[in-house]
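**Student:** Take a look at this one; I'll ask things after.
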Amino acid sequence: MRLTTIAFTVLGGMAQANDIISYETAQSFDDVVFGLENAILGQGLVVDSVHSVGDMLERTRTDVGSDVVIYRNAQVFSFCSAIVSRKMMEADPLNIAYCPYDIFVMVTDDRSDVTTIGFQRFPEGPMKEVEDLLDYIARTAIGLD
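FYI, the numbering for the sequence shown is 1 to 145, going by UniProt numbering.
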């Protein structure tokens, strides 16, 4: 089965969007998650935790007085690289603020045929190496690399 992948980096819109690098694909949420887990493992890394953000928001939606369904599914995968993290923190101990690294996968309620994968941008300097790693992992997850 051939899956069509549409990729682009989000560069416009809200100010917060400029701090996010994301790619969109027609692949299913489960396929992207499977690809992400394999891409992380393929780099010799281990997923520390998976945060089910979409489930939490849906579970608490009525508790906070909202009737808005944001996601059909949304998870954040947290992981770290001992080698890369050590290098980044030797450059600046305050880089601990960026560890662990997170990549999200989401399907919004209003665009149920599109799965988005992405991560936060990192500051100029040594942390760009982490951004490059996350970009490679995200792109690999959806078959772009």
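Glycine residues also receive a C-beta, built at the ideal position from the N, C-alpha and C atoms. None of the values given here were measured: they were computed from a predicted structure.
1) Identify the residues that DSSP records as bridge partners of C99: which are they?
2) What's the C-alpha gap between D55 and T62?
3) Taking Cβ positions, are D40 and V47 nearer each other than 8 Å?
4) From this set, G125, N38, S112, which residue's C-alpha is nearest E90's C-alpha?
5) Thinking just about the alpha-carbon of each residue, which of R72, V68, S81 is nearest to the one in E129?
6) Measuring straight from C-alpha to C-alpha, what distance separates Q27 and A138?
7) Would you kindly report the start and end of the unbroken beta strand (DSSP E) that includes E24?
8) Using the Cα positions of V24 and M127, report the straight-line distance between them to the nearest angstrom.
9) With S49 as the anchor, note down where its beta strand (DSSP E) starts and where it stops.
10) Just to confirm the assignment, what range does the alpha helix (DSSP H) spanning S85 have?
11) Less than 7 Å between the CB of M88 and some heavy atom of the ligand PLP, yes or no?
12) Given this structure, state the Cα-to-Cα distance separating V84 from G65, to the nearest angstrom.
**Tutor:** The answer reads as follows:
1) Residue numbering aside, residue 99 sits at position 99 when the sequence shown is read from its first letter. None, per the DSSP bridge assignment.
2) Walking along the sequence shown from the start, residue 55 turns up at place 55. Walking along the sequence shown from the start, residue 62 turns up at place 62. Cα to Cα, D55 sits roughly 13 Å from T62.
3) Within the sequence shown, residue 40 is the residue found at index 40, counting from 1. Within the sequence shown, residue 47 is the residue found at index 47, counting from 1. Here the sequence assigns Ile to residue 40, which means Asp is not the residue at that position. A contact, by the Cβ cut-off of 8 Å.
4) Within the sequence shown, numbered from 1, the residue matching residue 90 stands at position 90. Checking every option, the nearest Cα to that of E90 belongs to G125.
5) Position 129 of the sequence shown, counted from the start, is the residue given in the question as residue 129. Measuring from the Cα of E129, the nearest candidate turns out to be S81.
6) To locate residue 27, count along the sequence shown from 1; it is residue 27. To locate residue 138, count along the sequence shown from 1; it is residue 138. Those two C-alpha atoms are separated by around 13 Å.
7) In the sequence shown, counting from the first residue as 1, residue 24 sits at position 24. Unbroken beta strand (DSSP E) run through E24: 20-25.
8) By one-based count along the sequence shown, residue 24 stands at place 24. By one-based count along the sequence shown, residue 127 stands at place 127. Per the sequence shown, residue 24 should be read as Glu rather than Val. The alpha-carbon atoms of E24 and M127 are separated by roughly 24 Å.
9) As a working note, residue 49 is residue 49 in the sequence shown. Segment 46-51, the beta strand (DSSP E) holding S49.
10) As a first step, residue 85 is located in the sequence shown; it is residue number 85 there, counting from the start. If you look at S85, you'll find it in the alpha helix (DSSP H) that goes 82-91.
11) Absence of the ligand PLP is noted for the structure shown, with no ligands found whatsoever.
12) The residue you call residue 84 lines up with position 84 of the sequence shown. The residue you call residue 65 lines up with position 65 of the sequence shown. When rounded, the separation of the alpha-carbon atoms in V84 and G65 is 43 Å.
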